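Participant: Residue numbering for the sequence shown follows this note's numbering, starting at 49 and increasing by one per position.
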Amino acid sequence: MFAYATLVISDGYRVYFKCENQMSSPEAETAADSFRHTSVLLHGAIDALVQDASGVYLDGTFGRGGHSRLILEHLEPHGRLIALDRDPEAIKAGQQVSDQRFQLVQRDFARLGEVAREQGVHGRLSGVLLDVGVSSPQLDDPSRGFSFMRDGPLDMRMDPTRGESAAEFLARASEAEIARVFKTYGEERFAKRLARAVVDRRSKQPVTHTLDLAEILKTAHPAWEKGRHPATKAFQGLRIFLNGELEQLDAALDEALEALAPGGHLVVISFHSLEDRRVKRFIRYHVRGDTHLPRGVPVRDDQLNRRLEAVGKSQRPSAVEIADNPRARSAVMRVARKRA
Ligand SMILES: C[S@@+](CC[C@H](N)C(=O)[O-])C[C@H]1O[C@@H](n2cnc3c(N)ncnc32)[C@H](O)[C@@H]1O
Numbered sequence: 049m050f051a052y053a054t055l056v057i058s059d060g061y062r063v064y065f066k067c068e069n070q071m072s073s074p075e076a077e078t079a080a081d082s083f084r085h086t087s088v089l090l091h092g093a094i095d096a097l098v099q100d101a102s103g104v105y106l107d108g109t110f111g112r113g114g115h116s117r118l119i120l121e122h123l124e125p126h127g128r129l130i131a132l133d134r135d136p137e138a139i140k141a142g143q144q145v146s147d148q149r150f151q152l153v154q155r156d157f158a159r160l161g162e163v164a165r166e167q168g169v170h171g172r173l174s175g176v177l178l179d180v181g182v183s184s185p186q187l188d189d190p191s192r193g194f195s196f197m198r199d200g201p202l203d204m205r206m207d208p209t210r211g212e213s214a215a216e217f218l219a220r221a222s223e224a225e226i227a228r229v230f231k232t233y234g235e236e237r238f239a240k241r242l243a244r245a246v247v248d249r250r251s252k253q254p255v256t257h258t259l260d261l262a263e264i265l266k267t268a269h270p271a272w273e274k275g276r277h278p279a280t281k282a283f284q285g286l287r288i289f290l291n292g293e294l295e296q297l298d299a300a301l302d303e304a305l306e307a308l309a310p311g312g313h314l315v316v317i318s319f320h321s322l323e324d325r326r327v328k329r330f331i332r333y334h335v336r337g338d339t340h341l342p343r344g345v346p347v348r349d350d351q352l353n354r355r356l357e358a359v360g361k362s363q364r365p366s367a368v369e370i371a372d373n374p375r376a377r378s379a380v381m382r383v384a385r386k387r388a
């Protein structure tokens, strides 16, 4: 059996370098196999991403490595893949990938530029992939506290070692703050009413568990929609807020644009309209360039600072993929190429 890769501590984060072919450790297998993730838009995403088989790629959302593994299959021996995830469980699962072209770093994707600089590939990436949101293992593991279907401690942090848990937030936030989170990040129509119910309940007993919160929201929600648990939007709001998901996405898009090589591809898969709207606006802004120039002023194309070309239209999973993996149903993929 080969020894596992070198472990480097960098700025409080673990960095795993895959230096030689290793056999996976039993612990890593157990961690990864207990909850599985089916990658969404797998082949479409990698076909769009990998245009140069000897290029350097960055997968900002390793998860359980479905996309990363397919990228590696497309790469020649001189190709390289750097993958990131903020979740320690994803990093543990990544220990199963034994490939000397692969490196896995525990870091927020908002800091992908920093990782690219550390690796000496900033401005040289052939492609960046972001498959944002949560993974099935995160949702399915009750101890992570993401699911209103399974009981567990109300945590909801992708990296449970940092920031505030959902229980801590619900214990200290004002009613108005809770309502704002439900409304802004969950797009919940009855945010104020649900926030009031949470605050009423916590005055008697703290809200510490997922099913407890789900029950409070269910009881308070006045308009149940067919086929959707009444806690869905409020749970989504809490998760997006606690993990700073929209801010992370905005930062990662900017960072990716700088870190890509001219001609490099950006592929983003998002799972709800709050994310997709941002990706769409970002691509449109950089496709159009500096449109704030006064009308009628003659400008050459190169003065517009157009930095991206959109590649095709947005893509959604096929009916077959959705039937196979219902969690794929809201996915949207957008692809752009950095202009030379
Ligand atoms: C939808 S899953 C990705 C699945 C992956 N493409 C696969 O095929 O297995 C999203 C992953 O991104 C990670 N993630 C989400 N936001 C992140 C962020 N801001 N920085 C780093 N990782 C993040 C999550 O922890 C999760 O593991």
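A virtual CB, placed ideally from N, CA and C, is assigned to each residue, including glycine.
Computed from a predicted model, the values in this text were never measured in an experiment.
Write down every uninterrupted run of the beta strand (DSSP E) in the segment 133-209 whose length is 3 residues or greater and which is fully enclosed by it, in chain order.
Facilitator: Listed in chain order, they are 150-154, 173-179.
Participant: So what's Val315 in DSSP terms, helix, strand or just coil?
Facilitator: The count along the sequence shown starts at 1 and reaches residue 315 at position 267. Strand at Val315.
Participant: Whether or not the segment 158-173 and the segment 288-308 are in contact is what I'm after, with contact meaning three or more pairs of Cβ atoms, one per stretch, closer than 8 Å; do they touch?
Facilitator: They touch, by the three-pair rule.
Participant: From Ser116, His340, Val104, Ser222, pick the residue whose C-alpha is nearest to that of His170; which is it?
Facilitator: Position 122 of the sequence shown, counting from 1, holds the residue named residue 170. Nearest of Ser116, His340, Val104, Ser222 to His170, Cα basis: Val104.
Participant: Provide the residue span of the beta strand (DSSP E) that contains Lys386, from first to last.
Facilitator: The residue labelled residue 386 in the question sits at position 338 within the sequence shown. Lys386 -> beta strand (DSSP E) spans 380-386.
Participant: By Cβ distance, which residues of its chain are closer than 6 Å to Glu373, with the 5 residues on each side in sequence left out?
Facilitator: Here residue 373 refers to the residue found at position 325 when the sequence shown is read from its first residue. One point to set straight first is that residue 373 is Asn, not Glu, in the sequence displayed. Cβ neighbours of Asn373 beyond the five flanking positions: Thr86.
Participant: Measuring from the CB of Arg287, is there a heavy atom of ligand 1 at a distance below 7 Å?
Facilitator: Counting from 1 along the sequence shown, the entry for residue 287 is found at position 239. No, since every heavy atom of ligand 1 falls outside the 7 Å radius drawn around the Cβ of Arg287.
Participant: Are the Cβ atoms of Ala384 and Leu314 separated by less than 8 Å?
Facilitator: The residue given as residue 384 occupies position 336 in the sequence shown. The residue given as residue 314 occupies position 266 in the sequence shown. Yes, the Cβ-Cβ distance between Ala384 and Leu314 is below 8 Å.
Participant: Under 7 Å from any heavy atom of ligand 1, does the C-beta of Leu106 make it?
Facilitator: Taking the sequence shown and counting its residues from 1, one reaches residue 106 at position 58. Answer for Leu106: no, Cβ out of range of ligand 1.
Participant: Within the present structure, is the beta-carbon of Ala138 separated from the nearest heavy atom of ligand 1 by less than 7 Å?
Facilitator: As a position in the sequence shown, residue 138 is number 90, starting the count at 1. Yes; taking the cut-off as 7 Å, the Cβ of Ala138 has a heavy atom of ligand 1 nearer than that.
Participant: Check whether the segment 289-300 touches the segment 258-272, taking contact to mean three or more Cβ pairs, one atom from each stretch, closer than 8 Å.
Facilitator: In short, these stretches do not touch, since the Cβ pair count stays below three.
Participant: How about Leu177 and Gly127: do their beta carbons lie closer than 8 Å?
Facilitator: Numbered from 1 along the sequence shown, position 129 holds the residue referred to as residue 177. Numbered from 1 along the sequence shown, position 79 holds the residue referred to as residue 127. Cβ atoms of Leu177 and Gly127: not closer than 8 Å.
Participant: With a 10 Å radius around its C-beta and 16 neighbouring C-beta atoms as the bar for buried, classify Thr258 as buried or exposed.
Facilitator: Here residue 258 is taken as the residue at index 210 of the sequence shown, counted from 1. The residue is buried, with at least 16 neighbouring Cβ atoms inside 10 Å.
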